[in-house]
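Numbering (the numbering used here), first residue to last: 6 to 292. Note that beta-carbon positions come from the ideal geometry of N, C-alpha and C, so glycine has one too. See structure below.
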Amino acid sequence: MEDEIKSLKDIESLIFDYELDNIKGTCDNCSSCYKYGKTLSNSFFFHLLCQRLVKNIEFIHEAHRLNGKYSDEKSCNDFIYWIHNKINSMNNKIDKSEINNIFRELKSIWVEVNGKQKISGIGPLHKCDISTIETLNFNELKEKKMMSDYCHNFNTLHTKLTNSNKPFCEIYYDYFKKTMQAYDKVYEECHKKDPGAKCPKICEKKQNNPQLILDNLRCDKIPKPVEEEKRITEKQCNTEKGVLHSRLERALLDASNPVFNYSDPRAIFLIFFTLWGIFLSLFFFYK
């Protein structure tokens with residue numbers, strides 16, 4: 006389990022998702038949340054979500070100041086997905102009529118805290134279109150997230166799985182097998198036709214066919230899929246050969262010793278000579 010956690014830290018989309026879910030430490034602007042959500046029936050849930058949102062905004066600004074991370078459109082879209090996912094997971098605990106109000110309040114706190122965090126110039130969240138933070142079709146949003154993660158991680162997984170026996174290659178392979186089904190949707194939305202609104206920009210004009218990895222696997226701890234399908238044990242082979250040999254012997258025996266029946270031409274001569282013998286016997290007996 007420790008090896009799995011250690012290795013998957015190299016998968017960029019997983020790192021960011023994990024950080025959004027597990028931010029710890031102080032929160033300088035969390036008190037701002039108490040100015041919002043007062044009219045909501047479940048203000049307790051709103052304030053918990055609001056504080057996590059504020060801490061993540063602060064974290065993204067801090068990470069950007071330190072190393073320029075998370076200013077790309079992919080990170081922005083992942084953050085917006087995170088907000089939708091948290092609200093969607095609470096659908097059974099909040100009144101559905103309040104969801105729009107929750108989104109509206111979160112937009113307000115986003116604008117306030119993001120404005121305070123941006124010291125000068127362009128902040129890391131400048132590519133985030135917060136107008137998209139609304140009750141969109143969550144399944145469509147989830148599908149787009151799945152596609153963008155696949156495209157984002159493809160080059161990393163290609164390097165890990167096609168270069169000779171990288172450490173933890175079997176763990177990367179397992180993750181790849183679980184996520185490669187996303188390519189069917191990527192192909193449909195981004196390659197089969199001109200990319201439309203449903204195609205994540207990170208997937209456009211990219212070579213990300215899973216066969217580029219599957220056909221060039223170099224990890225001794227996993228079998229190549231093609232070889233795995235064709236593999237047959239010696240015992241199975243000998244058993245099948247024995248069955249075929251037995252069937253062949255039976256066929257040859259039947260051909261050399263055909264069963265006698267009344268459709269056989271030899272039956273005509275046999276019947277004729279039998280009747281002739283009976284006739285002669287009666288003839289000489291009465292004579």
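Between the beta-carbon of Pro205 and that of Lys132 there is about 13 Å, and that puts the pair past the 8 Å contact cut. The beta carbon of Thr44 sits closer than 8 Å to those of Asn106, all from its chain and outside the five residues before and after it, given in chain order. For His157, the three-state secondary structure derived from DSSP is helix.
Residue environment for Gln122: buried (at least 16 other C-beta atoms within 10 angstroms of its C-beta).
Counted as a single uninterrupted DSSP element, the alpha helix (DSSP H) harbouring His69 occupies residues 48-72.
Secondary structure of His131 (DSSP, three-state): coil. In the displayed model, Met152 falls within a helix according to three-state DSSP. Looking from the CA of Gly73, the closest CA among Tyr155, Lys198, Gly128 belongs to Gly128. In the structure shown, the three-state DSSP call for Thr31 is coil. In terms of CA proximity to Ser94, Lys147 leads the group Gly42, Val116, Lys147, Gly201. For Glu24, the uninterrupted alpha helix (DSSP H) segment begins and ends at 17-26.
Judged by their CB atoms, Ile62 and Trp115 are nearer to each other than the 8 Å cut-off. The C-beta distance from Glu24 to Asn158 rounds to 16 Å, too long to fall under 8 Å, and the pair is not in contact. Look at Asp83 here: in three-state DSSP terms it is helix.
For Tyr192, the secondary structure class from DSSP, reduced to helix, strand or coil, is helix. Excluding five sequence positions before and after Cys195, the CB atoms of its chain that fall closer than 7 Å to its own CB belong to Cys204, Cys208, Glu209, given in chain order.
The beta carbon of Phe181 sits closer than 8 Å to the beta carbons of Leu162, Leu166, Pro215, Ile218 from its chain, once the five residues preceding and following it are set aside; these are given in chain order. For the set Ala187, Lys198, Asn221, Asn47, the Cα lying nearest the Cα of Asp100 is the one of Asn47. Straight-line spacing of the CA atoms in Ile65 and Cys156 works out to 22 Å.
Of the residues Glu67, Thr31, Cys224, Met152, the one whose Cα lies closest to the Cα of Lys183 is Met152. In this structure, DSSP gives Phe108 a helical state, which the three-state scheme calls helix. Setting aside the 5 residues that flank it on each side, His89 is surrounded in the same chain by Ile138, Leu141, Phe143, Leu146, each with a C-beta closer than 8 Å to its C-beta; the list follows chain order.
Ranked by Cα distance from Asp26, the first of Leu58, Cys38, Ser37, Leu71 is Leu58.
Separation of Lys14 and Lys91 (C-alpha to C-alpha, rounded to the nearest whole angstrom) is 23 Å. Taking Tyr178 as the centre and dropping the five residues before and after it, the same chain places the C-beta of Leu166, Cys224, Ile227 closer than 7 Å to its C-beta, in chain order. The DSSP-derived three-state label of Asp225 is coil.
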